[in-house]
Amino acid sequence: MLELTGFVREGRGEMMTKRKIAYFSMEIALDAGIQTYAGGLGILAGDTLRAGADMKLPVCAVTLLHRKGYFRQRLDDSGWQFEEEDPWEIEKYLTPMESRVKITLHGREVWVRSWQYEIEGVTGASIPVYLLDTDVEENSEWDRHLTDRLYLGDFYFRICQEAVLGLGGVRMLRALGHDELTRYHMNEGHSAFLGLELLDEEMIRRGMSKIDDEMLQAVRRKCVFTTHTPVPAGHDQFPLEMAREVLGHHEAFFKRRDLFEPVKCAADCLNMTYLALNLSHYVNGVAKSHAEVSRLMFADHEIDSITNGVHARTWVCPSMQSLFERWIPGWKLDSFNMRSALNIPDEDLWRAHQAAKGDLCNYIEKERGERFSLDVLTLGFARRATSYKRPKLLFENKEWLFEIARKAGGLQLVFAGKAHPGDEMGKFFIQDIVRMRDEFRERGIKIVYLENYDMALAQKLVSGVDVWLNTPLPPMEASGTSGMKAALNGVPSLSVLDGWWIEGRIEGVTGWGIESEGGDARSLYEKLEREIVPRYCERRGEFISVMRHAIALNGSFFNTQRMLLQYLERAYFL
Ligand SMILES: *Cc1c(COP(=O)(O)O)cnc(C)c1O
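In the working numbering, the protein residues as written are 22 to 595.
Below is the structure:
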């Protein structure tokens, strides 16, 4: 408790100078103009920090610079994806920091410098984010490119990048004078080498040359780990020999293989997830169901669940913002106020929604030359284009879909999402959907695939469609957050029961669930045909009531303010 009172007094008082919590993430979505993220993980990191700044929490954050971004997606006329580099104006957004630190990679000395970005909260408090950069003259040409691109490159490149993040990150925080940190939060396992650096510090402090339990406890007390991946293949691991070569001198660490090897598998590898699990006193999954799956994968570890959220101010579109200013006083400061959405009259809510839909229609016309109507039921689907997200589930029974469109007086489908450059299958999904355009137009269904899904486009999409569709193969979706953004904008989800939707769905009240009995596609069509289309077309008041409950019930809970309060209570103070 002592720790808690000190924290609140210093951390949330007038002069918030000393940072107590360091948040580490390979990607962070900081601003629509900065391409330092690939998808959900980075968006969550950004939303977490934005809420932290609103709440005046004494947090600082570390990530890599990703000078050339992830990639810009272009689609040719046939719908085939091309990738372009996506550099951004570093000097426009960031302040260069003087401090430099050095790490050793495979016997080479690599210098790391950093740039600072300030995340400003509604109350004027801010959170500094340090973006690490190895583009320093003293470094070899190869090392200078280590922090250029996100999630590209082979194992060797990745382990070097992760060493920069974990080892370089902790050293950089020390160099920048953050000497009162009591918690290190690993957002996914990429940053787990930070634990190795903390162990080294303990050994040096105690003048020891081996790792004992007391030291481990000291490090564990400081570390928190959030896992995001419900599939074993999604967890980073490196050949042990490579890890030894790259990390070099850590004899004591490499003697403790129990810290980083998967249980039951003597596969000579260093697994970043096991490292993070073993070095943290608190571990969580990002939704209740995801924590259950994680407990099965990592049976020897206690895994709690804190369901993800989104940052309200970031994702609510302009017309809804004006509406909330009127009906939900204080919504920017306190997301719990979203309950008051129940007071919003039908006409006002509908008008604000139609304004958002109008903005999306204009964007579609400008980008794709397709004219979308304000009065036709419009479904949105934006996901990384990859098999488990099942982008084509909606097309499994075309005749049924045509029949639904006929009853609804037409249908409009808006797609977006990048395929990972190495995922050919994902690229074919995009192309298949683009190629259906003409056949479908004749049967009353308009389809567009919008290029380059990013923060700015996401806000337009989640607010401008009428229903947000989500069809991943359970239990592959750890949480998902785009449906939460849609809910905040009064756009209900039609989604399989996985991730956050198991908790967020109240059938017919906050949206609709796709049930797997009898087949997911069948349930999808049934819900569209029997529940959604009749409400949208004939019983509009009932449809608007679902919109209103999506904001009031889901918006007030699935936000990063509630989420951070849970981290404070369970992870940061324990
Ligand atoms: C919110 C968001 C995501 C993550 O959404 P999911 O529901 O997890 O698919 C990915 N990319 C962008 C650009 C986003 O805004």
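The beta-carbon is built from N, C-alpha and C at its ideal position, and this holds for glycine as well. Note that the coordinates shown come from a computational prediction; the quantities given were computed from them, not determined experimentally.
Fill in: Buried or exposed (CB count within 10 angstroms, at least 16 for buried), residue 341
buried
Worksheet item: Under a Cβ-count criterion, where at least 16 other Cβ atoms within 10 Å of its own Cβ denotes burial, should residue 329 be classed as buried or exposed?
Response: buried
Worksheet item: I think residue 437 touches residue 409, with their Cβ atoms under 8 angstroms apart; what is that distance to the nearest whole Å?
Response: With a Cβ gap of about 17 angstroms, residue 437 and residue 409 do not count as contacting.
Worksheet item: With residue 288 and residue 246 assumed to form a contact (beta carbons below 8 angstroms), what rounded beta-carbon distance in angstroms separates them?
Response: Their Cβ separation, rounded to whole angstroms, is 21 angstroms, which puts residue 288 and residue 246 out of contact at 8 angstroms.
Discussion item. Just verifying my parser: in three-state terms, what is the DSSP assignment at residue 11?
Written reply: Examination of residue 11 is not possible in this model, given that the chain is present from 22 through 595 alone.
Worksheet item: Leaving out five residues before and five after residue 461 in sequence, what residues of the same chain have Cβ atoms less than 6 angstroms from its Cβ?
Response: If you ignore the 5 residues before and after residue 461, its C-beta comes within less than 6 angstroms of the C-beta of 468, all in its own chain and listed in chain order.
Item to complete: Ignore the nearest five residues each way along the sequence and tell me which others in residue 299's own chain have a CB closer than 6 angstroms to its CB.
Response: The residues are 280.
Item to complete: Note down the Cα distance separating residue 355 from residue 391, rounded to an integer number of angstroms.
Response: 39 angstroms
Worksheet item: Using a threshold of 8 angstroms, is the CB atom of residue 72 nearer than that to any non-hydrogen atom of ligand 1?
Response: no
Practice prompt. Put residue 5 into one of helix, strand or coil per three-state DSSP.
Written response: Outside the displayed span of the chain (22 to 595) sits residue 5, for which this structure offers no information.
Worksheet item: By DSSP, does residue 25 sit in helix, in strand, or in coil?
Response: Only weak support is given to the placement of residue 25: the predicted model assigns it a pLDDT of 44, under 50, and the value that follows is read from those uncertain coordinates. Here residue 25 sits in helix by DSSP.
Discussion item. Just to confirm before moving on: does the CB-CB distance between residue 512 and residue 426 stay below 9 angstroms?
Written reply: no
Worksheet entry | Anticipated Cβ contact below 8 angstroms, residue 509 with residue 331, distance rounded | 7 angstroms
Item to complete: Return helix, strand or coil for residue 555, following the three-state DSSP convention.
Response: helix
Item to complete: Using 8 angstroms as the cut-off, classify the Cβ of residue 69 as near or not near the heavy atoms of ligand 1, replying yes or no.
Response: No - ligand 1 has no heavy atom lying nearer than 8 angstroms to the Cβ of residue 69.
Worksheet item: Between residue 220 and residue 275, is the Cβ-Cβ spacing less than 9 angstroms?
Response: In this structure, residue 275 does not lie closer than 9 angstroms to residue 220 by Cβ.
Practice prompt. Consult DSSP for residue 522 and reduce its assignment to one of helix, strand or coil.
Written response: Three-state result, residue 522: helix.
Discussion item. Using C-beta distances below 6 angstroms, list every residue in its chain close to residue 208, excluding the 5 sequence neighbours before and after it, in chain order.
Written reply: Only 46, 66 and 247 meet the Cβ criterion.
Practice prompt. Kindly give me the distance between the Cβ atoms of residue 444 and residue 413, rounded to whole angstroms, as I take these residues to be in contact under 8 angstroms.
Written response: At roughly 15 angstroms, the Cβ-Cβ gap does not stay under 8 angstroms, so residue 444 and residue 413 are not in contact.
Discussion item. Looking at ligand 1, does it come within less than 8 angstroms of residue 576, judged from the CB to the closest heavy atom?
Written reply: no
Practice prompt. With a 10 Å radius around its C-beta and 16 neighbouring C-beta atoms as the bar for buried, classify residue 161 as buried or exposed.
Written response: exposed
Worksheet item: So residue 206 is in the alpha helix (DSSP H); what residue range does that whole segment cover?
Response: That residue, residue 206, is in no alpha helix (DSSP H); its beta strand (DSSP E) goes 204-208.
Worksheet entry | Nearest to residue 588 (by Cα), restricted to the options 326, 130, 177 and 480 | 326
Worksheet item: For residue 95, does the count of other Cβ atoms within 10 angstroms reach 16, so buried, or fall short, so exposed?
Response: Result: exposed.
Worksheet item: From what residue to what residue does the alpha helix (DSSP H) around residue 305 run?
Response: Unbroken run through residue 305 is the beta strand (DSSP E), 303-306; no alpha helix (DSSP H).
Worksheet entry | The alpha helix (DSSP H) enclosing residue 566, as first and last residue numbers | 561-570
Item to complete: Please confirm whether any heavy atom of ligand 1 lies closer than 8 angstroms to the CB of residue 257.
Response: no
Discussion item. Taking the straight line between their C-alpha atoms, what separation do you get for residue 42 and residue 187?
Written reply: 15 angstroms
Practice prompt. Note the first and the last residue of the continuous beta strand (DSSP E) segment covering residue 534.
Written response: 532-535
Worksheet item: By DSSP, does residue 320 sit in helix, in strand, or in coil?
Response: Of the three classes helix, strand and coil, the one that applies to residue 320 here is coil, per DSSP.
Worksheet item: Is residue 498 near ligand 1, going by C-beta to nearest heavy atom under 8 angstroms?
Response: yes
Item to complete: Helix, strand or coil for residue 81, going by three-state DSSP, please let me know.
Response: strand
Fill in: Per-residue DSSP class, three states only, for residue 149
In this structure, residue 149 counts as strand in the three-state DSSP scheme.
Worksheet entry | Limits of the alpha helix (DSSP H) - the one that residue 359 falls within | Element bounds for residue 359: n/a, residue is neither H nor E.
Worksheet item: When DSSP labels each residue in this structure, what does residue 230 get in the three-state scheme?
Response: Here residue 230 sits in coil by DSSP.
Discussion item. Looking at ligand 1, does it come within less than 8 angstroms of residue 471, judged from the CB to the closest heavy atom?
Written reply: no
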